[in-house]
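So the protein sequences, as listed, match chains A and B. If you read the first sequence in our numbering, its first letter stands for residue 7, the second for the next number, and so on. If you read the second sequence in our numbering, its first letter stands for residue 15, the second for the next number, and so on. For reference, the structure is listed below as structure tokens.
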Amino acid sequence: MEIEAKQHPMDKYLRADRIPHIWCPGCGLGTALNCFLYALDELKIEPDNLAIVSGIGCTGRIAGYLNVDSYHTTHGRAIPFATGLKLAKPDMKVVVFSGDGDLFAIGGNHFIHAARRNMDMTVLCVNNYNYGMTGGQLAPTTPLEARTTTSPYGNVEHPFNLCHVAAASGAVYVARWTTLHVRRLKESMKEALNKKGFSFVEILSPCPTAYGRRNRSPTGLDMMKYYQEHSVIKHGIDPSEADIEIGGDIIVGKFIDIEKPTYNEEVEKLIRKARK
Amino acid sequence: MEIKFYSGNIAAAEGAMAAGCRFFAGYPITPSSEIAEHMSRRLPQVGGVFVQMEDELASMAAILGASWGGLKAMTATSGPGFSLMQENIGLGAMTETPCVIVNVQRAGPSTGMPTLVGQGDVMQSRWGSHGDYETIVLSPSSPQECFDLAIKAFNLAEEYRVPTILLMDESTAHMYEKVVISPPEKIKIVNRKKPRVTSEKYLPFKPGRNMVPPMACAGEGYRVHVTGLTHDERGYPQTTDPEIQEKLVRRLCDKIRKNEAKIRDMELHYMEDAELALVSFGISARSSKAAVNHARKKGYKVGLIRLKTIWPFPEPYFENIADDVDKFLVVEINYGQLKYEVERNVGKGKVYHLPKFGGSVHTPEEIYSRIKEVYHGD
Numbered sequence: 007m008e009i010e011a012k013q014h015p016m017d018k019y020l021r022a023d024r025i026p027h028i029w030c031p032g033c034g035l036g037t038a039l040n041c042f043l044y045a046l047d048e049l050k051i052e053p054d055n056l057a058i059v060s061g062i063g064c065t066g067r068i069a070g071y072l073n074v075d076s077y078h079t080t081h082g083r084a085i086p087f088a089t090g091l092k093l094a095k096p097d098m099k100v101v102v103f104s105g106d107g108d109l110f111a112i113g114g115n116h117f118i119h120a121a122r123r124n125m126d127m128t129v130l131c132v133n134n135y136n137y138g139m140t141g142g143q144l145a146p147t148t149p150l151e152a153r154t155t156t157s158p159y160g161n162v163e164h165p166f167n168l169c170h171v172a173a174a175s176g177a178v179y180v181a182r183w184t185t186l187h188v189r190r191l192k193e194s195m196k197e198a199l200n201k202k203g204f205s206f207v208e209i210l211s212p213c214p215t216a217y218g219r220r221n222r223s224p225t226g227l228d229m230m231k232y233y234q235e236h237s238v239i240k241h242g243i244d245p246s247e248a249d250i251e252i253g254g255d256i257i258v259g260k261f262i263d264i265e266k267p268t269y270n271e272e273v274e275k276l277i278r279k280a281r282k
Numbered sequence: 015m016e017i018k019f020y021s022g023n024i025a026a027a028e029g030a031m032a033a034g035c036r037f038f039a040g041y042p043i044t045p046s047s048e049i050a051e052h053m054s055r056r057l058p059q060v061g062g063v064f065v066q067m068e069d070e071l072a073s074m075a076a077i078l079g080a081s082w083g084g085l086k087a088m089t090a091t092s093g094p095g096f097s098l099m100q101e102n103i104g105l106g107a108m109t110e111t112p113c114v115i116v117n118v119q120r121a122g123p124s125t126g127m128p129t130l131v132g133q134g135d136v137m138q139s140r141w142g143s144h145g146d147y148e149t150i151v152l153s154p155s156s157p158q159e160c161f162d163l164a165i166k167a168f169n170l171a172e173e174y175r176v177p178t179i180l181l182m183d184e185s186t187a188h189m190y191e192k193v194v195i196s197p198p199e200k201i202k203i204v205n206r207k208k209p210r211v212t213s214e215k216y217l218p219f220k221p222g223r224n225m226v227p228p229m230a231c232a233g234e235g236y237r238v239h240v241t242g243l244t245h246d247e248r249g250y251p252q253t254t255d256p257e258i259q260e261k262l263v264r265r266l267c268d269k270i271r272k273n274e275a276k277i278r279d280m281e282l283h284y285m286e287d288a289e290l291a292l293v294s295f296g297i298s299a300r301s302s303k304a305a306v307n308h309a310r311k312k313g314y315k316v317g318l319i320r321l322k323t324i325w326p327f328p329e330p331y332f333e334n335i336a337d338d339v340d341k342f343l344v345v346e347i348n349y350g351q352l353k354y355e356v357e358r359n360v361g362k363g364k365v366y367h368l369p370k371f372g373g374s375v376h377t378p379e380e381i382y383s384r385i386k387e388v389y390h391g392d
């Protein structure tokens with residue numbers, strides 16, 4: 007009985023023999039993954055019917071911890087890999103779980119085109135404002151003036167507002183939460199997983215080791231407190247009004263939830279037409 | 015049996031479908047675009063999926079994803095796109111993903127001469143991605159061979175779980191000729207080996223026959239983890255152990271190198287008593303053959319080794335033939351790529367070269383005049 011008590015209820019989705027994970031203390035990835043596992047569990051998603059695709063980076067390692075068909079691909083290419091996989095296996099649920107640098111810098115072109123096609127997949131992006139794995143360099147999401155190892159005088163680049171990019175590119179479901187909002191994040195992941203077409207959830211997540219300690223939030227707790235003080239829930243807001251700035255409000259919530267034919271549906275129709 | 019009048023590009027597309035290809039992802043590029051166009055029309059008719067991606071990085075990633083989804087998958091491109099694909103060709107090699115890449119060569123480097131022939135991607139098709147790995151590279155000389163070798167490329171990709179490259183050239187791609195198509199039941203098809211053990215006992219990267227592991231695809235219940243990181247037989251990342259790195263990389267290379275004799279495919283023409291052997295491939299081999307035929311009429315003991323498999327290079331064959339043949343003349347549309355491989359393998363044999371830089375093919379006349387020079391030379 008004692009052994010049973012030590013098992014985590016979500017072990018069934020994990021490759022327990024790969025734990026402990028590589029993430030730093032205070033990192034939000036464990037929370038993001040936990041929310042995802044509970045979302046899977048509550049939706050009763052059969053593990054054999056789920057594929058996870060990741061790119062490179064701290065978030066990219068999520069694929070390796072999940073006990074499903076999991077693909078840890080090249081930097082930025084998780085979405086096109088997942089595109090091929092989903093078209094070959096239309097009945098499987100395909101989820102891309104990756105970071106902001108992977109999905110929006112090196113993989114930015116793939117993101118906008120998959121959203122444009124309304125490719126049937128869920129993209130979960132953990133945004134920690136920097137390249138954590140490589141030591142905390144400037145990312146396309148780094149807020150103006152923030153310090154990173156490649157912006158030692160403060161960032162002079164305007165960052166992407168990921169939800170705005172997703173919505174403008176054609177995503178049918180767009181939401182943003184932080185790892186502080188665990189229940190809302192989990193519920194949002196469930197909605198995204200249930201959505202037909204290209205669904206996107208941005209997860210703001212603390213990276214105290216590489217980002218926080220250079221930006222006056224040296225611990226995970228500091229960053230969570232910052233989220234608590236600055237987060238404002240505004241469902242349905244135009245995501246173009248939800249830019250992230252240092253010291254400003256962090257607008258979270260579900261921004262987009264619309265219906266549009268998916269690429270997979272269109273391909274099925276096309277095949278029927280061609281075979282007549 | 016059917017007889018068609020096909021260009022090399024169309025023949026390659028039809029050959030791929032005959033081999034069972036049901037997924038194509040690509041990005042338009044001259045001189046390969048007809049393959050994508052043909053696939054966009056034909057694949058849906060056989061229940062397959064065509065998708066035009068946003069670039070060649072995505073095209074290559076998508077065919078890997080489709081292959082793990084259980085489909086036979088292909089892309090087609092030319093030099094500039096082939097350069098972009100190298101990243102995920104490396105992932106395909108590391109994760110042992112069967113797939114076929116058609117590279118219709120044009121003259122390079124860079125944008126070069128988009129509409130005109132080149133053969134400058136011989137080396138890139140071997141080791142264009144970083145790190146140690148091997149691919150299989152086939153080179154057709156006619157539309158018929160574009161069809162036949164497209165089938166063979168899929169069969170080898172499936173057999174050895176390796177990205178396989180059909181290295182065409184612009185001239186062969188745009189040439190129209192008769193193509194004889196055997197009935198489907200006469201076409202040999204190879205499919206990837208599936209695991210025979212339960213998922214509990216399955217080690218996804220434990221080698222089986224020919225050093226190739228059986229492959230469980232997505233949704234088959236094996237819950238495989240696939241990574242471009244150095245991995246053990248479970249597929250788990252092991253990024254700090256040089257012994258695991260050696261074991262993996264040695265096998266990735268050796269499954270091709272040590273099976274070279276089985277993969278080898280070449281045409282030998284007048285080689286029985288040749289004192290001078292031309293070595294060529296693709297369109298250059300056709301001009302070479304015409305030149306050899308003419309030279310034979312003039313009494314020269316000349317032969318032709320036409321490589322259909324360029325990589326793995328048939329090293330043992332060249333080591334042996336060098337006992338009987340004194341001189342080799344490599345004919346290719348580049349400034350010396352295959353030439354180095356011939357030099358490396360023929361011992362004391364003398365190797366001569368007849369390069370072209372792209373934009374035109376060798377004429378039989380210029381090859382014949384080089385044959386005379388080499389034959390009578392030192």
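Glycine included, C-beta positions come from ideal geometry on N, C-alpha and C.
Exercise. What residues in its chain sit with their C-beta under 8 Å from that of residue 455 of chain B, if we drop five residues either side in the sequence?
Worked result: Chain B is shown only over 15 to 392; residue 455 of chain B falls outside these bounds and no answer can be derived.
For this session: Check whether the Cβ of residue 210 of chain B lies closer than 8 Å to any Cβ atom in chain A.
Result: For residue 210 of chain B, the answer is no, since every Cβ of chain A falls outside 8 Å of its Cβ.
For this session: Mark residue 43 of chain A as exposed unless 16 or more other C-beta atoms lie within 10 angstroms of its C-beta, in which case mark it buried.
Result: Classified as buried, residue 43 of chain A has 16 or more neighbouring CB atoms from the shown chains inside 10 Å of its CB.
For this session: Using a threshold of 8 Å, state whether the C-beta atoms of residue 174 of chain B and residue 270 of chain B are closer than that.
Result: Yes. Within cutoff.
Exercise. When the cut-off is 8 Å and only beta carbons count, does residue 188 of chain B lie next to chain A?
Worked result: At least 8 Å separates the CB of residue 188 of chain B from every CB of chain A.
Problem set entry | Under the three-state DSSP convention, the category residue 113 of chain A falls into | For residue 113 of chain A, the three-state secondary structure derived from DSSP is coil.
For this session: Could you name the residues of chain A that residue 63 of chain B contacts, counting a contact when the two beta carbons are closer than 7 Å?
Result: Contacts between residue 63 of chain B and chain A, judged by CB atoms closer than 7 Å, involve 93 and 273 in chain order.
Exercise. Taking a cut of 7 Å between CB atoms, which residues from the region 38–65 of chain B lie near chain A?
Worked result: Within the region 38–65 of chain B, contact with chain A at the beta-carbon level (separation under 7 Å) is assigned to 39, 58, 59, 61, 63 and 65.
Exercise. From the beta carbon of residue 237 of chain B, is the nearest beta carbon of chain D less than 8 Å away?
Worked result: The question asks about chain D, but that chain is absent: this structure's protein chains are A and B.
For this session: Over the uninterrupted alpha helix (DSSP H) stretch that includes residue 71 of chain A, give me the two end residues.
Result: Segment 68–71, the alpha helix (DSSP H) holding residue 71 of chain A.
Exercise. Any idea which residues DSSP pairs residue 256 of chain A with across the strands?
Worked result: Answer is A:237.
For this session: Would you mind telling me which residues of chain B sit closer than 7 Å to residue 280 of chain A, beta carbon to beta carbon, in chain order?
Result: Going along chain B in sequence order, the residues near residue 280 of chain A (Cβ under 7 Å) are 58 and 59.
For this session: In angstroms with no decimal places, state the Cα-to-Cα distance between residue 88 of chain A and residue 60 of chain B.
Result: Taking the straight line from one Cα to the other gives about 23 Å.
Exercise. Does the beta carbon of residue 70 of chain A come closer than 8 Å to any beta carbon on chain B?
Worked result: Yes, residue 70 of chain A lies at the interface with chain B (some Cβ there is under 8 Å from its Cβ).
Exercise. Buried or exposed: residue 175 of chain A, going by 16 or more other Cβ atoms within 10 Å of its Cβ?
Worked result: The residue is buried, with at least 16 neighbouring Cβ atoms inside 10 Å.
For this session: May I have a chain-ordered list of the beta strand (DSSP E) segments no shorter than 3 residues that lie completely inside the region 108–188 of chain B?
Result: Segments of the beta strand (DSSP E) lying fully in the region 108–188 of chain B: 113–121, 127–131, 150–152 and 177–183.
Problem set entry | Neighbouring residues, chain B, relative to residue 276 of chain A (Cβ below 8 Å) | Against chain B, a Cβ distance below 8 Å from residue 276 of chain A picks out 58.
Exercise. If residue 91 of chain A sits next to residue 40 of chain B, beta carbons under 8 Å apart, how far is it from one beta carbon to the other, in whole angstroms?
Worked result: Taking the Cβ atoms as the reference, residue 91 of chain A lies roughly 17 Å from residue 40 of chain B, outside the contact range of under 8 Å.
For this session: Check whether the Cβ atoms of residue 219 of chain B and residue 35 of chain B sit closer than 8 Å, and answer yes or no.
Result: The answer is no: Cβ separation not under 8 Å.
Exercise. Name the chain B residues whose beta carbon is nearer than 8 Å to that of residue 76 of chain A?
Worked result: Residues of chain B passing the Cβ test: 237, 238, 239 and 240.
Exercise. So, residue 182 of chain A versus residue 151 of chain A, is the Cβ gap smaller than 8 Å?
Worked result: Not a contact, by the Cβ cut-off of 8 Å.
Exercise. Relative to the alpha-carbon of residue 158 of chain B, which residue among B:18, B:247 and B:143 has its alpha-carbon at the smallest distance?
Worked result: Considering only alpha carbons, the answer is B:18.
For this session: Drop a sphere of 10 angstroms on the beta-carbon of residue 236 of chain B, count the other beta-carbons inside from all chains shown, and report buried for 16 or more, exposed for fewer.
Result: That one is buried.
Problem set entry | Cα-Cα separation between residue 121 of chain A and residue 172 of chain A, rounded to whole angstroms | In this structure, the straight-line span from the alpha carbon of residue 121 of chain A to that of residue 172 of chain A is close to 7 Å.
Exercise. How long is the line joining the alpha carbons of residue 154 of chain A and residue 211 of chain A, rounded to whole angstroms?
Worked result: Taking the straight line from one Cα to the other gives about 16 Å.
For this session: Taking the CB atoms as reference points, tell me whether residue 214 of chain A and residue 66 of chain A lie closer together than 8 Å.
Result: For residue 214 of chain A and residue 66 of chain A, no; Cβs fall outside 8 Å.
Problem set entry | For residue 34 of chain A, the nearest candidate out of A:191, A:222 and A:245 (CA to CA) | For residue 34 of chain A, the closest of A:191, A:222 and A:245 by C-alpha to C-alpha distance is A:191.
For this session: Give a yes or no on whether 8 Å exceeds the smallest Cβ distance from residue 77 of chain B to chain A.
Result: So yes, residue 77 of chain B belongs to the interface.
Exercise. Should residue 87 of chain A be flagged as near chain B, meaning a C-beta pair shorter than 8 Å?
Worked result: Interface flag for residue 87 of chain A against chain B is set, since a Cβ pair is found closer than 8 Å.
For this session: Evaluate residue 270 of chain A with the Cβ neighbour count: other Cβ atoms within 10 Å of its Cβ, from every protein chain shown; 16 or more gives buried, anything less gives exposed.
Result: Buried is the call here.
For this session: Quick one: measure Cβ to Cβ for residue 10 of chain B and residue 317 of chain B, integer angstroms, because I've assumed they're closer than 8 Å.
Result: Past the boundaries of the shown model lies residue 10 of chain B; chain B is included only from 15 to 392, so the question cannot be answered.
Exercise. How long is the line joining the alpha carbons of residue 177 of chain B and residue 74 of chain B, rounded to whole angstroms?
Worked result: C-alpha separation (whole angstroms): 10 Å.
Exercise. Which runs of the alpha helix (DSSP H) spanning at least 4 residues fall entirely within the region 165–207 of chain A, listed in chain order?
Worked result: Whole alpha helix (DSSP H) segments, 4+ residues: 168–175 and 188–200.
Exercise. Can a CB atom of chain A be found closer than 8 Å to the CB of residue 288 of chain B?
Worked result: Closer than 8 Å: no.
Problem set entry | Nonlocal neighbours in the same chain, by C-beta distance under 8 Å from residue 268 of chain B, ignoring five residues either side | Here the set comprises 225.
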